[in-house]
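One structure below.
Residue numbers (full-length UniProt numbering): 1 to 357.
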């Protein structure tokens, strides 16, 4: 299966206890190639319909027995006698009855396993061709979407800060190449606070009554749910001080996206978010949006973790019209708050100036 992009929780199985380990899973995410391996991998027609390539690895039964004895004794707490009895009574006859017939469902059968270098090389080349084709198709769709959104206005869910004299003055300081790093950090933190404050206006609030110091009731508002800031590493870290100034009790999560040098597609390399993320309103932080490809994937990650689209506010300093348009078109219920819009794509520079490297 090529080009998988969704999160999956894989149960952990205990061979010693012959059952799944309770409340323990392995999370996999954003793989380009998903390998489904198992004795019944080619059995269920519903699974076969999902596979791009089906392989049956045929290994000599003597080698299988030797590997099984070494594994069962070393890793599964069994003795040689018990392993042999299991092999002759159950494993081998059931293999011939149920597993070997699945060979007819395979696209290719590889004898001799890892020793068959020619067959393995053929499989690798097939996978590379399939990945290249899917990457080209994906990038083509992104480009087509960019052409479409350039002709459409942004919706009300996109908020651009009013370009007041104060804000234009801050822009001027930040854009000036002569600005020292100390001044850049000071004024960017100030602008980050303004962006977070504006983003808070897009959050959902509920009525809440409190007693004033004079013991009088006051009908006010409070956030409908906890707020979590998700930093897109590393550049999104420039917003953390401004975020903490406005929402000091905000939880922080992080995800690392990097573009594949060969294909240009974003890849998820690290993810750490608070538990029950779906119960939060989320501020997604990244100071620059160019094509919007990484931003699209970041939002997809949040949605896969249970966050409703309407509970996400994307916070950015500068963005291109095409990048904003793509985000707005694909996730129309998400709010976006931006300090300014650029006409053309620029390389990332804000985090380098802020962090000094």
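For every residue, glycine included, the Cβ atom is placed at its ideal position computed from N, Cα and C.
For clarity, every value in this text was computed on a predicted model and none was experimentally measured.
Got a sec? Which residues, its chain only, sit under 8 Å from residue i by beta carbon, not counting five neighbours each side?
i	result
residue 358	A query on residue 358 cannot be resolved here, the shown segment of the chain reaching from 1 to 357 and no further.
residue 241	189 and 192
residue 73	79, 80 and 83
residue 270	233, 254, 255 and 256
residue 250	227, 228, 229, 243, 244 and 283
residue 48	42, 54 and 105
residue 140	none
residue 40	98, 99 and 102
residue 210	217, 218 and 220
residue 305	7, 273, 277 and 278
residue 12	20, 21, 24, 25 and 26
residue 225	204, 279, 280, 281 and 311
residue 361	Because residue 361 is not part of the residues shown, which for the chain are 1 to 357, the question remains open.
Taking 8 Å as the cut-off, decide whether the C-beta atoms of residue i and residue j are in contact.
i	j	result
residue 316	residue 341	no
residue 286	residue 293	no
residue 307	residue 331	no
residue 268	residue 284	no
residue 194	residue 216	no
residue 291	residue 325	no
residue 184	residue 354	yes
residue 200	residue 246	yes
residue 203	residue 273	no
residue 130	residue 52	yes
residue 61	residue 92	yes
residue 170	residue 33	no
When burial is assigned at 16 or more other CB atoms within 10 Å of the CB, is residue i buried or exposed?
i	result
residue 281	buried
residue 356	exposed
residue 198	buried
residue 75	exposed
residue 118	exposed
residue 90	exposed
residue 328	buried
residue 164	exposed
residue 212	exposed
residue 124	exposed
residue 152	exposed
residue 320	buried
For residue i, collect the residues of the same chain with a Cβ closer than 7 Å to its Cβ; drop the 5 residues on either side in sequence, then sort them by chain order.
i	result
residue 235	286, 287, 288, 348, 350 and 351
residue 95	none
residue 207	219 and 221
residue 100	none
residue 77	16
residue 67	none
residue 377	The structure shown has nothing for residue 377, since the chain only spans 1 to 357.
residue 69	80 and 83
Within the same chain, show all residues whose beta-carbon is closer than 6 Å to that of residue i, passing over the 5 residues directly before and after it, in chain order.
i	result
residue 56	103, 106 and 109
residue 310	333
residue 252	229
residue 59	113
residue 361	Outside the modelled stretch of the chain, which goes from 1 to 357, sits residue 361, for which no answer is possible.
residue 318	288, 340 and 342
residue 239	192 and 285
residue 116	110
residue 157	335
residue 266	257, 259, 293, 294 and 297
residue 186	none
(message) Pairs of beta-carbons, one from the region 325 to 335 and one from the region 269 to 283, closer than 8 Å: are there three or more?
(response) no
(request) Run through the region 100 to 137 for me and flag every whole beta strand (DSSP E) of 3 or more residues, listed as ranges in chain order. (result) Inside the region 100 to 137, DSSP marks whole beta strand (DSSP E) runs of 3 or more residues at positions 108 to 111, from first to last along the chain.
(request) Only counting runs of 3 or more residues, tell me where the beta strand (DSSP E) segments fall wholly within the region 210 to 267, in order along the chain. (result) The region 210 to 267 contains these whole beta strand (DSSP E) runs: 217 to 223, 227 to 233 and 251 to 259.
(message) With three or more beta-carbon pairs closer than 8 Å as the criterion, would you say the region 212 to 231 touches the region 170 to 181?
(response) no
(request) At 4 residues or longer, and completely inside the region 278 to 340: list those alpha helix (DSSP H) runs for me, N to C. (result) Runs found: 293 to 304 and 321 to 330.
(message) Please give me, in chain order, every unbroken run of the alpha helix (DSSP H) with length at least 4 that falls completely inside the region 36 to 110.
(response) 45 to 48, 61 to 75 and 80 to 86
(request) Kindly provide the ranges of any alpha helix (DSSP H) runs that are 4 or more residues long and lie completely inside the region 161 to 206, ordered along the chain. (result) 165 to 175 and 181 to 200
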